[in-house]
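Chains as they are written, first to last, in the working numbering: chain L, 2 to 353; chain X, 2 to 353; chain U, 2 to 353.
Even glycine gets a Cβ: it sits at the ideal position worked out from N, Cα and C.
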Amino acid sequence: MFPKNAWYVAAMAEEVGEQPLGRTICKEPMVIYRNAAGSVVALEDFCPHRGAPLSLGRVVDGQLVCGYHGLAMGCDGKTVSMPGQRVRGFPAIRAFPAIERYGFIWVWPGAGVPTPLHPLHWAESPDWAYGGGRYHIQCDYRLMVDNLMDLTHETYVHATSIGQKEIDEAPVNTKVNGDEVVTSRFMDKVHAPPFWRMALRGNGLPEDQLVDRWQVCRFTPPSHVMIEVGVALAGHGGYDADPQHKVSALVVDFITPETDTSHHYFWGMARNFKPQDSALTDTIREGQGKIFSEDMEMLERQQRNLLTHPERKLLALNIDAGGVQSRRVIERWLQAERDAAGAVLATAGAAG
Amino acid sequence: MFPKNAWYVAAMAEEVGEQPLGRTICKEPMVIYRNAAGSVVALEDFCPHRGAPLSLGRVVDGQLVCGYHGLAMGCDGKTVSMPGQRVRGFPAIRAFPAIERYGFIWVWPGAGVPTPLHPLHWAESPDWAYGGGRYHIQCDYRLMVDNLMDLTHETYVHATSIGQKEIDEAPVNTKVNGDEVVTSRFMDKVHAPPFWRMALRGNGLPEDQLVDRWQVCRFTPPSHVMIEVGVALAGHGGYDADPQHKVSALVVDFITPETDTSHHYFWGMARNFKPQDSALTDTIREGQGKIFSEDMEMLERQQRNLLTHPERKLLALNIDAGGVQSRRVIERWLQAERDAAGAVLATAGAAG
Amino acid sequence: MFPKNAWYVAAMAEEVGEQPLGRTICKEPMVIYRNAAGSVVALEDFCPHRGAPLSLGRVVDGQLVCGYHGLAMGCDGKTVSMPGQRVRGFPAIRAFPAIERYGFIWVWPGAGVPTPLHPLHWAESPDWAYGGGRYHIQCDYRLMVDNLMDLTHETYVHATSIGQKEIDEAPVNTKVNGDEVVTSRFMDKVHAPPFWRMALRGNGLPEDQLVDRWQVCRFTPPSHVMIEVGVALAGHGGYDADPQHKVSALVVDFITPETDTSHHYFWGMARNFKPQDSALTDTIREGQGKIFSEDMEMLERQQRNLLTHPERKLLALNIDAGGVQSRRVIERWLQAERDAAGAVLATAGAAG
Chain L
2 MFPKNAWYVA AMAEEVGEQP LGRTICKEPM VIYRNAAGSV VALEDFCPHR GAPLSLGRVV
62 DGQLVCGYHG LAMGCDGKTV SMPGQRVRGF PAIRAFPAIE RYGFIWVWPG AGVPTPLHPL
122 HWAESPDWAY GGGRYHIQCD YRLMVDNLMD LTHETYVHAT SIGQKEIDEA PVNTKVNGDE
182 VVTSRFMDKV HAPPFWRMAL RGNGLPEDQL VDRWQVCRFT PPSHVMIEVG VALAGHGGYD
242 ADPQHKVSAL VVDFITPETD TSHHYFWGMA RNFKPQDSAL TDTIREGQGK IFSEDMEMLE
302 RQQRNLLTHP ERKLLALNID AGGVQSRRVI ERWLQAERDA AGAVLATAGA AG
Chain X
2 MFPKNAWYVA AMAEEVGEQP LGRTICKEPM VIYRNAAGSV VALEDFCPHR GAPLSLGRVV
62 DGQLVCGYHG LAMGCDGKTV SMPGQRVRGF PAIRAFPAIE RYGFIWVWPG AGVPTPLHPL
122 HWAESPDWAY GGGRYHIQCD YRLMVDNLMD LTHETYVHAT SIGQKEIDEA PVNTKVNGDE
182 VVTSRFMDKV HAPPFWRMAL RGNGLPEDQL VDRWQVCRFT PPSHVMIEVG VALAGHGGYD
242 ADPQHKVSAL VVDFITPETD TSHHYFWGMA RNFKPQDSAL TDTIREGQGK IFSEDMEMLE
302 RQQRNLLTHP ERKLLALNID AGGVQSRRVI ERWLQAERDA AGAVLATAGA AG
Chain U
2 MFPKNAWYVA AMAEEVGEQP LGRTICKEPM VIYRNAAGSV VALEDFCPHR GAPLSLGRVV
62 DGQLVCGYHG LAMGCDGKTV SMPGQRVRGF PAIRAFPAIE RYGFIWVWPG AGVPTPLHPL
122 HWAESPDWAY GGGRYHIQCD YRLMVDNLMD LTHETYVHAT SIGQKEIDEA PVNTKVNGDE
182 VVTSRFMDKV HAPPFWRMAL RGNGLPEDQL VDRWQVCRFT PPSHVMIEVG VALAGHGGYD
242 ADPQHKVSAL VVDFITPETD TSHHYFWGMA RNFKPQDSAL TDTIREGQGK IFSEDMEMLE
302 RQQRNLLTHP ERKLLALNID AGGVQSRRVI ERWLQAERDA AGAVLATAGA AG
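Given below as structure tokens:
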């Protein structure tokens with residue numbers, strides 16, 4: 002269950018090159034490519050001629066050409082031409098709203114009118130750098146939202162990198178502001194775990210002193226989680242410390258449903274220190290990729306367990322509040338979609 | 002949906018050696034072997050003792066012996082012997098009509114009385130050579146018939162070997178003669194594509210001159226497609242040119258259903274030039290095998306798209322006429338099978 | 002269909018080390034580990050917090066800790082603690098009776114009261130040595146019972162090691178003693194097959210003389226098969242020969258259902274000669290492992306054939322009597338379980 006009337010990340014910009022990309026978003030198989038103007042286009046991945054996937058085709062001078070019999074498809078889902086054929090009567094395929102921005106390709110899989118894309122200030126500021134990747138994970142996207150909105154799992158799943166005992170000893174605080182859910186945790190005077198030692202060292206700060214550490218997770222619908230993370234040398238104000246005493250960053254998570262039990266996980270880290278240092282970007286990406294891969298087996302096996310035991314009620318503890326509240330926001334969006342669909346039907350009925 | 006009362010290629014003759022071969026033809030799992038007389042036998046792949054697959058057994062002095070407990074099975078599906086047992090009351094398994102001929106093993110998976118096997122003159126003439134192979138493809142066999150009865154796909158799928166722009170620019174002509182469907186295309190004064198350059202060169206003809214090229218596809222039920230292909234140096238009469246000015250061959254396609262969404266594809270090329278040149282046979286086989294493998298991903302992905310969208314109607318353009326007409330012939334055969342089954346039931350009812 | 006109120010081998014003792022083991026027994030996914038006292042514990046593999054598999058966790062000071070958020074689980078299926086949480090109201094998970102004995106870990110997957118574990122004298126005597134292994138096989142456990150209670154298959158499946166023509170020429174005798182089924186075969190004055198030549202040689206006996214060979218298979222519920230096997234130099238009394246003239250051993254088979262169409266097969270050999278010779282144990286284990294792997298493809302393909310043809314009745318010959326009678330014992334146990342369940346319901350109804 003996922004809202005369809007929303008902007009989802011379908012791909013990292015660099016994934017769509019000369020070849021069209023086939024990818025399923027919210028159960029909609031799509032072909033994604035760039036047209037002659039360089040704009041991204043997302044269409045149903047289904048050639049109206051004989052049902053071949055258009056993603057096996059080619060982009061010729063910015064036009065998508067089916068790789069089976071040469072049908073040339075337009076950006077609006079209407080056939081432009083086909084050798085030796087009149088194509089005016091050909092059935093159209095669906096075109097999905099698509100935008101390339103912030104280094105990502107965004108698509109709107111629903112039938113409703115797209116809203117403006119939300120701003121991501123860090124993605125457009127020269128003071129920030131970003132590096133990230135994509136994982137394909139066989140579980141409901143909401144299990145990943147749960148995962149990211151409850152970081153006590155770091156102590157257990159990521160024991161050798163970012164986990165530390167103090168995480169699940171520190172109280173967690175969850176707030177809901179309209180559609181935004183914020184869950185935060187502050188750990189004062191702790192030892193920095195390996196990942197943060199590396200970051201301190203890389204920023205010319207001592208890695209062996211006690212630090213104040215924080216994690217502020219923000220969920221926004223449909224399924225984005227941004228996490229402010231950082232450490233400051235103890236006694237300088239923690240989260241509010243002067244930049245010279247701290248290292249901080251933003252963990253970026255776009256969680257895009259593929260099917261009911263699989264999703265595309267776009268993860269990365271944005272930072273506002275040493276933004277020009279591309280070697281540092283690579284190092285962080287590699288470390289983060291390794292850490293996030295540790296979650297995959299747990300999530301996929303959890304999914305299988307839940308499918309085996311659909312009757313079991315899970316617990317909703319204080320640490321789970323972030324995920325629970327996020328699911329409530331998702332449920333509100335789903336209900337709004339159902340209401341809108343009902344209203345359309347009612348209008349149609351009144352008109353008939 | 003496939004007719005069962007028909008001769009299908011089950012294997013290339015060389016596939017059945019000392020060991021019995023297990024293969025499913027038209028949803029019937031069969032074991033195929035050669036008996037003491039050297040004749041091929043096709044039986045249900047199911048030992049009447051405990052259900053073991055007989056294809057895991059051995060052929061001992063021309064007799065099929067189950068590899069589990071030693072039951073010896075006869076060519077008629079009746080148990081011949083079993084150590085320490087009286088076998089007269091053992092239930093019989095089904096024996097399928099089977100013939101070895103033209104370098105292939107043919108089986109008749111239906112319950113009706115077999116018709117004579119159709120002649121293949123090129124397979125028995127010393128003036129012809131043949132080389133080919135088998136692919137196992139996860140799609141309805143009719144998608145392969147469509148593929149072969151509309152060669153405009155060569156321009157797109159086989160761009161680097163036999164495809165060329167002129168194919169889909171040349172008009173196609175389709176005729177139906179009873180159960181035979183013929184679709185043909187003639188391209189005059191074109192450049193020979195790489196495959197035909199190789200063939201011209203191999204026949205001592207210049208490869209850089211303009212040629213007249215032809216493709217004449219013949220579908221015959223249940224699912225055989227033979228394609229006359231060739232090029233003649235331009236100005237010598239094309240298809241009708243004197244042999245010294247042309248290179249021609251016959252693309253041979255036996256398309257045998259395995260299940261509703263998979264088939265065995267026996268492909269090859271018969272040629273009436275240099276028939277003794279076995280190195281040339283190997284070269285052509287290798288080239289053709291590579292070309293035909295290019296179709297597989299497209300066909301399998303097309304199949305998956307069609308399964309996802311069973312409600313979609315595909316287009317039937319002029320270029321699709323060969324496939325459309327072939328499917329009509331298949332549908333007539335299926336209807337005839339249904340009628341015959343109905344007549345049997347009606348007779349049984351009247352008798353009862 | 003398998004009785005659930007019975008002791009099944011879940012693992013070899015050495016399979017449960019520092020990490021908890023996840024394994025499905027009789028359709029119950031279990032996590033198996035050793036507690037602080039060193040006793041084995043088997044619980045549902047489902048964390049009551051969020052459904053993560055506990056088998057992905059860790060054992061810390063003898064306590065099972067969930068690898069996702071650190072819930073500490075007790076041996077009785079009740080949560081002991083969780084960082085920052087009160088756990089008294091947490092739902093319990095199921096604890097299965099479990100025993101470590103005879104080198105194996107035994108579990109009782111049913112809800113009934115466990116009976117005492119049956120004795121295995123060879124497993125506790127210093128005069129005996131044991132070596133074995135485990136295979137995971139995709140077929141109904143009863144097909145393996147059939148396999149082991151009818152050793153005529155050795156002639157065909159194991160032709161190069163223990164099979165010989167005389168096996169299926171010798172009469173087989175099957176007796177039922179209560180829940181025990183015994184099927185035996187004696188072959189006098191035969192040549193020893195390769196496996197037994199090796200054993201004779203290893204025991205300082207001539208390998209080229211004629212021998213008397215025996216196989217006595219004993220099925221006991223739920224699904225254990227012990228086979229007395231051996232050869233004696235001909236003319237010394239066969240099965241009853243003085244130890245100096247024979248080599249004998251016990252083939253040990255614990256067949257544990259996983260699902261309706263898969264099982265864990267624990268195989269091995271116990272012998273009362275040269276019990277200290279661990280190199281010999283390894284040699285025998287290697288040989289036996291190779292032999293038993295020869296059955297796997299046959300059994301898995303037989304299973305698929307039976308699933309394809311559920312309507313077919315299999316034969317029940319004299320050689321099949323061991324398997325047929327064993328299945329009758331299993332069916333009696335199943336009926337007793339159904340009766341007990343009915344009685345519980347009836348009592349509940351009368352009470353209500």
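Cross-chain neighbours of residue i in chain X, by beta carbon under 8 Å
| i | result |
| --- | --- |
| residue 86 (chain L) | 318, 319 and 320 |
| residue 53 (chain L) | 299, 302, 303 and 306 |
| residue 329 (chain U) | What residue 329 (chain U) touches in chain X: nothing, since even the nearest Cβ is about 17 Å away. |
Identified DSSP bridge partners for residue i
| i | result |
| --- | --- |
| residue 74 (chain U) | U:65 and U:80 |
| residue 162 (chain X) | Beta-bridge pairing links residue 162 (chain X) to no other residue. |
| residue 181 (chain L) | L:178 |
| residue 26 (chain U) | U:29 |
| residue 216 (chain L) | L:186 and L:230 |
| residue 101 (chain X) | X:106 |
| residue 258 (chain U) | U:264 |
| residue 45 (chain X) | X:31 |
| residue 130 (chain X) | X:272 |
| residue 251 (chain U) | U:229 and U:271 |
| residue 221 (chain X) | X:225 |
Contacts of residue i in chain L (Cβ-Cβ under 9 Å)
| i | result |
| --- | --- |
| residue 175 (chain X) | The premise fails here: residue 175 (chain X) is roughly 14 Å from chain L at the closest Cβ pair, so nothing lies under 9 Å. |
| residue 266 (chain X) | Result: empty, since nearest Cβ-Cβ is about 17 Å, beyond 9 Å. |
| residue 71 (chain U) | 153, 154, 156, 157 and 169 |
Contact list for residue i against chain L, beta-carbon separation under 7 Å
| i | result |
| --- | --- |
| residue 49 (chain U) | 316 |
| residue 91 (chain U) | 316 |
Rounded C-alpha distance that separates residue i from residue j
| i | j | result |
| --- | --- | --- |
| residue 68 (chain X) | residue 185 (chain U) | 22 Å |
| residue 36 (chain L) | residue 53 (chain X) | 58 Å |
| residue 289 (chain U) | residue 270 (chain U) | 8 Å |
| residue 190 (chain L) | residue 212 (chain L) | 5 Å |
| residue 180 (chain X) | residue 222 (chain X) | 7 Å |
| residue 201 (chain L) | residue 70 (chain U) | 27 Å |
| residue 220 (chain U) | residue 147 (chain U) | 10 Å |
| residue 206 (chain X) | residue 285 (chain X) | 17 Å |
| residue 10 (chain U) | residue 267 (chain U) | 8 Å |
| residue 204 (chain U) | residue 195 (chain U) | 14 Å |
| residue 116 (chain X) | residue 25 (chain L) | 49 Å |
| residue 299 (chain X) | residue 233 (chain X) | 31 Å |
| residue 188 (chain U) | residue 292 (chain U) | 21 Å |
| residue 138 (chain X) | residue 22 (chain X) | 18 Å |
| residue 118 (chain X) | residue 105 (chain X) | 12 Å |
| residue 183 (chain L) | residue 217 (chain L) | 7 Å |
Option nearest residue i by Cα separation, candidates the options
| i | options | result |
| --- | --- | --- |
| residue 214 (chain L) | L:153, L:168, L:277 and L:39 | L:168 |
| residue 171 (chain X) | L:134, L:85, L:233 and L:152 | L:85 |
| residue 88 (chain X) | X:226, X:95 and X:78 | X:78 |
| residue 382 (chain X) | X:323, X:338 and X:334 | Lying before the first or after the last residue shown, residue 382 (chain X) is absent from chain X, which here runs from 2 to 353. |
| residue 121 (chain X) | X:281, X:236 and X:251 | X:251 |
| residue 61 (chain U) | U:50, U:74 and U:51 | U:74 |
| residue 277 (chain U) | U:29, U:132, U:93 and U:80 | U:132 |
| residue 145 (chain U) | U:275, U:261 and U:237 | U:261 |
Closer than 7 Å at the beta carbon, the chain U residues around residue i
| i | result |
| --- | --- |
| residue 68 (chain X) | 157, 158 and 299 |
Contact list for residue i against chain B, beta-carbon separation under 8 Å
| i | result |
| --- | --- |
| residue 75 (chain U) | No chain B appears in this structure, whose protein chains are L, X and U. |
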